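Numbering (our numbering), first residue to last: 455 to 927. Think of the CB as a built atom: it goes at the ideal place given N, C-alpha and C, for glycine as much as any other residue. What you are looking at is a predicted structure, and each value in this text was computed from that prediction instead of being measured. What follows is a single structure, written as C-alpha cells, with notes after it.
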C-alpha cells in the first residue's frame with residue numbers, strides 16, 4: 455500500500471526542477487525564514503511528566519540508571535529528553551516539505567562505522583525515533599545539541615553561536631548543492647572517513663589531527679573479534695558473555711533456569727524470523743553462525759530501559775564470532791505530532807528509516823516482531839553490536855573542534871534528507887542568504903535556556919522523591 459508521503463514525493467519528483475523551486479520559494483510565505491527563531495513553549499508544559507510517560511514500557515529496574523545518566527549534565531539530559539523536545543517543536547513553523555527524519559539528530563547520534571565494502575564512513579547512527587516529518591525539526595534538534603554541548607564545555611556565547619551557525623549553514627549550502635545533482639549522485643554520496651581526514655588536515659591543529667586519527671584508528675579495532683576478548687570468556691568449555699552488572703547481565707543471571715531457557719529458545723525463534731528480513735545472500739551468511747549465549751545490555755542515555763540483548767554467535771570455530779544486538783523498538787516520539795508509521799510494527803519503521811537515511815548500512819540490519827515469554831508482542835530490530843563503530847567524544851571538545859564537527863554533522867544530515875525529501879524545493883526555500891542559519895541559531899540559544907530549566911526541574915523531582923536515580927553507571 456502506498457502511503458500519502460510516498461504519493462506526495464512521487465508527484466513532486468515528476469514536476470520540473472523549476473516548478474519544484476517555485477514551490478520552495480512560495481513556502482516562505484507560510485513559514486518565513488526568520489520564523490525559525492520562534493520558540494513558544496506551552497503554558498502548562500511539564501517536561502518531567504512528558505519524560506516519564508513512557509516509563510511503563512521500560513524495564514523498571516533500569517529506570518534509575520536512565521535518570522542517573524540524564525543528570526550528569528545538561529547535555530546528557532538533552533540526549534534523554536527527545537520526547538520533551540518533540541512536543542516543543544510541534545507548534546513551531548515548518549515549510550510543509552517533509553523528509554525521512556532521524557527524530558533524534560543530536561551530536562552523539564552521529565558516528566563512524568564500517569560500510570559493506572569495508573570502508574570507514576561517517577553517518578547518523580541512531581534511528582529509534584525515525585519517521586517522515588518536517589526536516590526542520592532534525593535541524594533544530596542538531597543545532598540545539600550543539601548549543602547545549604558548547605555551554606557544557608565552558609564555551610562562551612560567541613563560540614557557541616559560531617558552532618551552531620557552522621552546522622546550519624553547512625546544511626543549507628550542501629542541500630543546495632545536492633539540489634543540482636542527479637538522483638543517483640545523491641543516493642551514492644557518502645562521507646568516507648579517509649577522505650574526510652584529508653580535508654580536515656588543513657583546518658585542524660596538529661594536536662587535533664593526532665587525536666582525530668587516534669579516534670579513527672580505535673574505531674577500526676571495534677569489531678566482533680575485539681568484542682569476543684572484551685565481553686566473553688570460556689566457562690566450562692563453552693564461550694559465555696561475562697557479567698558486568700548492571701550494564702551487562704547474562705540471561706541466566708536475570709531469571710530462573712527454566713525461564714532463561716525459555717527466553718533463549720524465544721531468541722532462537724526471533725533470529726529465524728529476523729533472517730527472513732535480510733537479503734538471501736546475507737541470510738545465507740547468517741545461517742553459518744549459531745547462537746551460543748545472550749545477555750541484557752544497558753545502552754545509550756535515551757534507550758536505557760528498553761529491552762536490548764547482546765547475542766553471541768559462533769561460526770566456523772571459536773575464532774569466528776559475530777556479536778549481534780537485538781534492540782526493542784517502541785513508538786517514535788514524533789508519532790503523536792506527524793501521525794503513525796505506515797509500517798506494521800516499529801522494528802520495520804526503524805529499519806526502513808535507517809536504510810533510507812544512511813548511505814551505507816549494516817549488512818545484518820533486520821527486524822522481527824515476537825511474542826515474548828510474558829505474552830506481549832514486542833518489536834525488535836537487529837544489527838551488529840560492533841563493526842568499526844566509534845563516535846566523537848562531545849564532552850570536553852574544544853570550541854574550534856566543535857565548529858568543525860558541527861559542520862560535518864550538518865553535511866551528513868543534509869545528505870540524509872536529500873535522499874527522501876524534495877531537495878530542490880527545500881533548497882529553494884532555504885535560499886542563498888544566511889537568514890535561515892541565523893534564525894536557527896537564535897532558536898538553539900533559546901532552547902538551550904529551556905533545556906537548562908528542564909534539567910533543574912528533573913533535579914528537583916529527584917530531590918522530592920518523585921524519581922529514583924542510580925548514578926555512576
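Is residue 774 closer than 8 Å to residue 568 when the C-beta atoms are compared? Position 114 of the chain shown, counted from the first residue, corresponds to residue 568. Position 320 of the chain shown, counted from the first residue, corresponds to residue 774. At a Cβ-Cβ threshold of 8 Å, residue 568 and residue 774 do not count as neighbours.
Buried versus exposed call for residue 707 [16 or more other C-beta atoms within 10 Å across all chains shown]: The count along the chain shown starts at 1 and reaches residue 707 at position 253. Exposed, by the Cβ-count rule.
6 Å CB neighbourhood of residue 469 in its chain, flanking five on each side removed | Your numbering for residue 469 matches position 15 in the chain shown. None.
Residue 551, DSSP secondary structure in three states | Within the chain shown, the letter at position 97 stands for residue 551. Residue 551 falls in the coil class under three-state DSSP.
To the nearest angstrom, how far is the alpha carbon of residue 583 from that of residue 793?
Taking the first residue of the chain shown as 1, we reach residue 583 at position 129. Taking the first residue of the chain shown as 1, we reach residue 793 at position 339. Those two C-alpha atoms are separated by around 13 Å.
Our contact map puts residue 627 next to residue 589 with C-beta atoms below 8 Å; I'd like the distance itself, whole angstroms only. Along the chain shown, read from residue 1 onward, the residue named residue 627 stands at position 173. Along the chain shown, read from residue 1 onward, the residue named residue 589 stands at position 135. Contact flag wrong, Cβ pair sits at about 15 Å.
Residues near residue 591 in its chain [Cβ-Cβ closer than 7 Å; skip 5 each side]
Mapped onto the chain shown, residue 591 falls at position 137. Contacts found: 543, 555.
Across the segment 754 to 772 and the segment 516 to 532, are there enough close Cβ pairs to call them in contact, namely three or more that are closer than 8 Å?
yes
Just to confirm, is the Cβ distance from residue 736 to residue 767 under 8 Å? As a first step, residue 736 must be located in the chain shown, where it is residue number 282. As a first step, residue 767 must be located in the chain shown, where it is residue number 313. No. Outside cutoff.
Checklist entry - My guess is that residue 844 and residue 529 are in contact by the Cβ rule of under 8 Å, so how many angstroms apart are they, rounded? => result In the chain shown, residue 844 corresponds to position 390, counting from 1. In the chain shown, residue 529 corresponds to position 75, counting from 1. Between residue 529 and residue 844 the Cβ distance is about 19 Å, and since that is not below 8 Å, they are no contact.
Going straight from the alpha carbon of residue 624 to that of residue 885, what length do you get?
-> Position 170 of the chain shown, counting from 1, holds the residue named residue 624. Position 431 of the chain shown, counting from 1, holds the residue named residue 885. Going by the C-alpha atoms only, they are around 13 Å apart.
- Query: residue 829: buried (16+ other C-beta within 10 angstroms of its C-beta) or exposed?
  - Reply: The residue you call residue 829 lines up with position 375 of the chain shown. Classification of residue 829: exposed, given that the 10 Å Cβ count is below 16.
Identify whether residue 455 lies in helix, strand or coil by the three-state DSSP scheme. Position 1 of the chain shown holds residue 455. With a pLDDT of only 45 at residue 455, under the threshold of 50, the placement of this residue in the model should not be trusted, and no figure is reported.
Note to self: Can you tell me whether residue 859 is helix, strand or coil according to DSSP?
What the structure shows: Taking the chain shown and counting its residues from 1, the one referred to as residue 859 is at position 405. Correct three-state label for residue 859: helix.
Counting C-beta neighbours from all protein chains within 10 Å, is the total for residue 458 16 or more, i.e. buried, or is it exposed? Sequence index remark: in the chain shown, residue 458 carries index 4 (1-based). Because residue 458 sits at a pLDDT of 48, beneath the cut-off of 50, its placement in the model cannot be relied upon, and the following sentence gives the value as read from the coordinates. Classification for residue 458: exposed.
According to DSSP, residue 747 sits in a beta bridge with which residue or residues? Here residue 747 is taken as the residue at index 293 of the chain shown, counted from 1. DSSP lists 766 as partners of residue 747.
For residue 806, which residues in the same chain have their Cβ closer than 7 Å to its Cβ, ignoring the five residues on either side in sequence? For the purposes of this step, residue 806 is taken as the residue at position 352 of the chain shown. Cβ within range, chain order: 797.
- Assumed close pair residue 647, residue 576 - CB separation to whole angstroms, cut-off 8 Å: Along the chain shown, read from residue 1 onward, the residue named residue 647 stands at position 193. Along the chain shown, read from residue 1 onward, the residue named residue 576 stands at position 122. 6 Å between Cβ atoms; contact.
**Asked** Span of the alpha helix (DSSP H) holding residue 525?
**Response** For the purposes of this step, residue 525 is identified with residue 71 of the chain shown, where counting begins at 1. Where residue 525 is concerned, there is no enclosing alpha helix (DSSP H), given that its DSSP letter is neither H nor E.
Worksheet entry | Rounded distance between the beta-carbons of residue 505 and residue 537, thought under 8 Å | The residue labelled residue 537 in the question sits at position 83 within the chain shown. The residue labelled residue 505 in the question sits at position 51 within the chain shown. Yes, residue 537 and residue 505 are in contact; Cβ-Cβ is about 6 Å, under 8 Å.
**Asked** What number of angstroms, rounded off, separates the C-alpha of residue 897 from the C-alpha of residue 551?
**Response** Working through the chain shown from its first residue, we reach residue 897 at position 443. Working through the chain shown from its first residue, we reach residue 551 at position 97. In this model, residue 897 and residue 551 are separated by some 20 Å (Cα to Cα).
Which of helix, strand or coil does DSSP assign to residue 909? Translated into the one-based positions of the chain shown, residue 909 becomes position 455. The answer is helix: DSSP assigns residue 909 an H, G or I state.
Would you say residue 756 touches the ligand ZN, meaning its beta carbon is less than 7 Å from a heavy atom? Questions concerning the ligand ZN fall outside what the structure shown contains, since it holds no ligand whatsoever.
(message) Please report the distance separating the alpha-carbon of residue 913 from that of residue 532.
(response) For this step, residue 913 is matched to residue 459 along the chain shown. For this step, residue 532 is matched to residue 78 along the chain shown. Cα-Cα distance, rounded: 13 Å.
- Item | alpha helix (DSSP H) runs contained entirely in the segment 461 to 498, provided each spans 4 or more residues | 471 to 484
If I measure Cβ to Cβ from residue 650 and keep anything under 8 Å in the same chain, skipping five residues before and after, which residues do I get? Reading the chain shown from its first residue, position 196 is the one you call residue 650. Here the set comprises 576, 862.
* To do: Confirm, please, whether the CB-CB distance from residue 494 to residue 545 is below 8 Å.
  => Here residue 545 refers to the residue found at position 91 of the chain shown. Here residue 494 refers to the residue found at position 40 of the chain shown. For residue 545 and residue 494, yes; Cβs fall inside 8 Å.
Review point. Comparing alpha-carbon positions, which option in 683, 776, 788, 637 lies nearest residue 878?
Key: Taking the chain shown and counting its residues from 1, one reaches residue 878 at position 424. Comparing Cα-Cα distances from residue 878 to each of 683, 776, 788, 637, the minimum goes to 637.
request  = Assign residue 880 to buried or exposed, taking buried as 16 or more other Cβ atoms, counted over all protein chains shown, within 10 Å of its Cβ.
outcome  = Reading the chain shown from its first residue, position 426 is the one you call residue 880. Residue 880 is buried by the Cβ-count criterion.
Hey, quick one: how far does the beta strand (DSSP E) through residue 568 stretch, first residue to last? Sequence index remark: in the chain shown, residue 568 carries index 114 (1-based). First-last of the beta strand (DSSP E) with residue 568: 564 to 568.
- Query: If you pair each beta-carbon of the segment 748 to 755 with each one of the segment 690 to 700, do three or more pairs fall below 8 Å?
  - Reply: yes
- Considering only the beta carbon of each residue, do residue 868 and residue 622 sit closer than 8 Å? Start at 1 with the first residue of the chain shown, and residue 868 comes out as number 414. Start at 1 with the first residue of the chain shown, and residue 622 comes out as number 168. It is not a contact, given that the beta carbons lie outside the stated cut-off.
Check whether the Cβ atoms of residue 587 and residue 883 lie closer than 8 Å to each other.
-> Translated into the one-based positions of the chain shown, residue 587 becomes position 133. Translated into the one-based positions of the chain shown, residue 883 becomes position 429. Cβ atoms of residue 587 and residue 883: not closer than 8 Å.
For residue 585, count the other beta carbons within 10 Å of its own beta carbon; 16 or more makes it buried, fewer makes it exposed. Which is it?
Position 131 of the chain shown holds residue 585. Residue 585 sits buried, since 16 or more C-beta atoms from the chains shown fall within 10 Å of its C-beta.
Could you give the distance in angstroms between the alpha-carbon of residue 777 and the alpha-carbon of residue 676?
-> The residue labelled residue 777 in the question sits at position 323 within the chain shown. The residue labelled residue 676 in the question sits at position 222 within the chain shown. Using only the alpha carbons, I get a separation of about 11 Å.
Please report the distance separating the alpha-carbon of residue 573 from that of residue 820. The count along the chain shown starts at 1 and reaches residue 573 at position 119. The count along the chain shown starts at 1 and reaches residue 820 at position 366. Distance between the alpha carbons of residue 573 and residue 820 is about 21 Å.
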